[in-house]
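Q: Per this note's numbering, numbering through the sequence shown is continuous, rising by one, with the last residue being 1139. Can you read through this structure? Questions will come right after.
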Amino acid sequence: MAAVALARGLAAATARVTRSAARRARTLPVRALASAPDSEQPFQLKPLPYPLEALEPHMSRETLEFHWGKHQRTYVDNLNQAAEKEKKIAKKSLVQLMMEQYKRGDYGPHFNNAAQVFNHEFFWDGMKPGGGGRPSGSLLRAIEESFDSYESFLENFKSAGAPGASFGSGWVWLVKTPLGLQIQFSQNAENPLVCGSGTPLLVYDVWEHAYYLDHQNLRKRYVDTFVDHLVNWDAAERRFQESSAE
């Protein structure tokens, strides 16, 4: 009986330790969860601007673990592997590599990996905990001038991704152009910078892996959630101001 009681006591203690460790893991900032950057690697997996669970319940920790921690990491690893074989790649920035490959009409692995990293970093920076709502200031005025009203913009921005022109895989962008703000869709790894179609302010990812864990095949629900609860209008406003100062 004493042995049984001891075994039960050890099992209970182990369970408490396991639960405690799990709670600590859930609250660790993303920088502690990400592997330490290798200073010798020319390309790095940029840390998220918030902890992995910070966007819940609207975007799950599991989605970020897979989408950022595994999917985007693969693009970064591919770039570093290419840099080992072609030393000139290691001397270029992400944007330089992306732009040069596209301009020469080479849409192969180097372009795809570099552009997908760029697009994903832009996507993460365009969200925040407690996001959504309406923009303000000069960006709101520009939206109203370009789309007649914020409500009209909202309808078009959502419909562009569900399904709209983006029936396949790609990205939906809010872009500043000489003619005003535009909603643009880019396929695969393309973006407004490489296409020369304007200055990107905001983007959401409509590749299926961006939303399937949380929303399965309900893309419209994902788009509504992004716009209503996740979008970081402060980041978009900052980009708008920076582009106006250039």
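Don't be surprised by glycine CBs; every beta carbon is placed ideally from N, CA and C.
Hey, Gly1063 and Phe1078: beta-carbon distance below 9 Å or not?
A: Translated into positions along the sequence shown, residue 1063 becomes position 170. Translated into positions along the sequence shown, residue 1078 becomes position 185. In this structure, Phe1078 lies closer than 9 Å to Gly1063 by Cβ.
Q: Which residues does DSSP pair with Met952 in a beta bridge?
A: Reading the sequence shown from its first residue, position 59 is the one you call residue 952. The partner list for Met952 (beta bridge, DSSP) is empty, contrary to what the question assumes.
Q: Hey, would you say Leu1106 sits closer than 9 Å to Ser953, going by beta carbons?
A: As a first step, residue 1106 is located in the sequence shown; it is residue number 213 there, counting from the start. As a first step, residue 953 is located in the sequence shown; it is residue number 60 there, counting from the start. Yes, Cβ-Cβ distance for Leu1106 and Ser953 is below 9 Å.
Q: Exposed or buried, what is Gly1019 when buried is set at 16 or more other beta-carbons lying within 10 Å of its beta-carbon?
A: On the sequence shown, residue 1019 is found 126 positions in, with the first residue counted as 1. Burial call: buried.
Q: Quick one: what's got a C-beta closer than 8 Å to Val1096's C-beta in the same chain, skipping five residues either side?
A: In the sequence shown, counting from the first residue as 1, residue 1096 sits at position 203. The residues are Asn1012, Phe1015, Phe1016, Gly1019, Trp1064, Val1065, Trp1066, Leu1067 and Asn1084.
Q: Considering only the beta carbon of each residue, do Gly1151 and Val1124 sit closer than 9 Å?
A: Beyond the ends of the chain as shown, which are 894 and 1139, falls residue 1151; an answer cannot be given.
Q: So who's on the other strand from Thr1092, going by DSSP bridges?
A: The sequence position of residue 1092 within the sequence shown is 199, counting from 1. Its beta-bridge partners are Lys1069.
Q: With a threshold of 8 Å, are at least 3 pairs of Cβ atoms found where one atom belongs to the stretch 1099 to 1117 and the other to the stretch 946 to 964?
A: yes
Q: Report the three-state DSSP secondary structure of Tyr1097 (helix, strand or coil).
A: On the sequence shown, residue 1097 is found 204 positions in, with the first residue counted as 1. In the structure shown, Tyr1097 sits in a strand (DSSP, three-state: E or B).
Q: Contact between the stretch 934 to 945 and the stretch 968 to 978: three or more CB pairs below 8 Å?
A: yes
Q: Can you round the beta-carbon distance between Ser1039 and Leu1074 to whole angstroms, since I take them to be within the 8 Å contact cut?
A: Start at 1 with the first residue of the sequence shown, and residue 1039 comes out as number 146. Start at 1 with the first residue of the sequence shown, and residue 1074 comes out as number 181. Contact flag correct, Cβ pair sits at about 4 Å.
Q: What span of residues does the alpha helix (DSSP H) with Tyr968 cover, start to end?
A: By 1-based counting over the sequence shown, the position of residue 968 is 75. Arg966 to Lys978 is the extent of the alpha helix (DSSP H) around Tyr968.
Q: With C-beta atoms as the reference, is Glu1101 less than 9 Å away from Arg1112?
A: Taking the sequence shown and counting its residues from 1, one reaches residue 1101 at position 208. Taking the sequence shown and counting its residues from 1, one reaches residue 1112 at position 219. Against a cut-off of 9 Å, the Cβ pair of Arg1112 and Glu1101 comes out as a contact.
Q: Would you kindly work out how many angstroms separate the C-alpha atoms of Glu1135 and Ser1031, rounded to a whole number?
A: Here residue 1135 refers to the residue found at position 242 when the sequence shown is read from its first residue. Here residue 1031 refers to the residue found at position 138 when the sequence shown is read from its first residue. Approximately 12 Å between the Cα atoms of the pair.
Q: Excluding sequence positions up to five away, which residues of its chain have a Cβ less than 7 Å from the Cβ of Arg966?
A: In the sequence shown, the residue the question calls residue 966 occupies position 73. Excluding positions up to five away in sequence, the list reads Leu938.
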